[in-house]
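Chemist: Start counting at 1 in the sequence shown, then tack on 292, and there's your number in the numbering used here. Cβ atoms here follow ideal geometry from the backbone N, Cα and C, with glycine treated the same way. These figures come from a predicted structure and were not determined experimentally. I am attaching a structure below and will ask some questions about it afterwards.
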Amino acid sequence: MPADTDINAQITLILGGTRSGKSSFAQKLAEQSGNQLVYIATAEAFDEEMANRIDRHQQDRGPAWQTVEESRDLAAAIAAHSAHGTTVLIDCLTIWLSNLMLTEADIAAAQNALGKALTEAPGPIILVSNEVGSGIVPESALGRRFRDESGWMNQTVAAIADSVALITAGLPLWLKQA
């Protein structure tokens, strides 16, 4: 099997740092499935820079993709859009976690619901998440909590996933394969 693909996976987690190429890699992986494509976007356009970033991602995907915006209830979005013959790409879990933290949502309950939705999904799911634990220790308590919650979340999803890849400089290192 080529190093850049794992077509046998039902659940795939793509990890990487900022601008590592993880979103592009995940998109190409989804497109290789030959399935209908659904993109679940977790970002909200709170400012002009984020609005521009969202627009750029939408243009990069093209017309083959159905875009669903869901910043908090990923479990419901997965249940609504996962189907045989459809590949769902969720980008990204760390922004979703940030949204949950900012609204003081029950993170454990949301992550449990996500795990249940992933294991019950009838079609392939690709999830993108940032690897934030490799950098410096954040100065603020909130920053340290986010780093910790993100690490725990990635571990939980990786345990459920059939395949996990770490993307660095646009190149995948498969940590786990179906």
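Are R436 and A397 touching if we call contact CB-CB under 9 angstroms?
Modeler: For the purposes of this step, residue 436 is identified with residue 144 of the sequence shown, where counting begins at 1. For the purposes of this step, residue 397 is identified with residue 105 of the sequence shown, where counting begins at 1. Not closer than 9 angstroms, so no.
Chemist: With distance defined between alpha-carbon atoms, name the residue in S426, W444 and S455 nearest to T310.
Modeler: Residue numbering aside, residue 310 sits at position 18 when the sequence shown is read from its first letter. It is S426.
Chemist: Would you mind giving the Cβ-Cβ distance between I306 and I399, rounded to the nearest angstrom? I have them listed as a contact below 8 angstroms.
Modeler: Along the sequence shown, one-based indexing puts residue 306 at 14. Along the sequence shown, one-based indexing puts residue 399 at 107. About 21 angstroms separates the two Cβ atoms, so there is no contact after all.
Chemist: If I'm right that I370 touches I418 with Cβ under 8 angstroms, what's the distance once you round it to whole angstroms?
Modeler: Within the sequence shown, numbered from 1, the residue matching residue 370 stands at position 78. Within the sequence shown, numbered from 1, the residue matching residue 418 stands at position 126. That pair is no contact at about 12 angstroms.
Chemist: Throw me the rounded Cβ distance for the V360 and L385 pair, which I believe falls under 8 angstroms.
Modeler: Indexing the sequence shown from 1 puts residue 360 at position 68. Indexing the sequence shown from 1 puts residue 385 at position 93. With 8 angstroms as the limit, V360 and L385 do not qualify as a contact, their Cβ atoms being about 15 angstroms apart.
Chemist: Looking only at its own chain, which residues have a Cβ that is under 7 angstroms from the Cβ of Q328, when we skip the five neighbours before and after it?
Modeler: As a position in the sequence shown, residue 328 is number 36, starting the count at 1. G377 and T378.
Chemist: Leaving aside the five residues before and after S390 along the sequence, list all residues of the same chain whose C-beta is less than 8 angstroms from its C-beta, in chain order.
Modeler: One-based indexing of the sequence shown puts residue 390 at position 98. Excluding residues within five positions, the ones whose Cβ falls inside 8 angstroms are F438.
Chemist: Within 10 angstroms of its Cβ, does L465 collect 16 or more other Cβ (buried), or is it exposed?
Modeler: Here residue 465 refers to the residue found at position 173 of the sequence shown. Exposed.
Chemist: When DSSP labels each residue in this structure, what does A457 get in the three-state scheme?
Modeler: Position 165 of the sequence shown, counting from 1, holds the residue named residue 457. In the structure shown, A457 sits in a strand (DSSP, three-state: E or B).
Chemist: Which residues mark the beginning and the end of the beta strand (DSSP E) in which D339 is found?
Modeler: For the purposes of this step, residue 339 is taken as the residue at position 47 of the sequence shown. No beta strand (DSSP E) contains D339, which DSSP labels as neither H nor E.
Chemist: Suppose contacts are defined by Cβ-Cβ distances below 9 angstroms. Is Q302 in contact with D352 by that definition?
Modeler: Taking the first residue of the sequence shown as 1, we reach residue 302 at position 10. Taking the first residue of the sequence shown as 1, we reach residue 352 at position 60. Not in contact: Q302 and D352 (Cβ atoms no closer than 9 angstroms).
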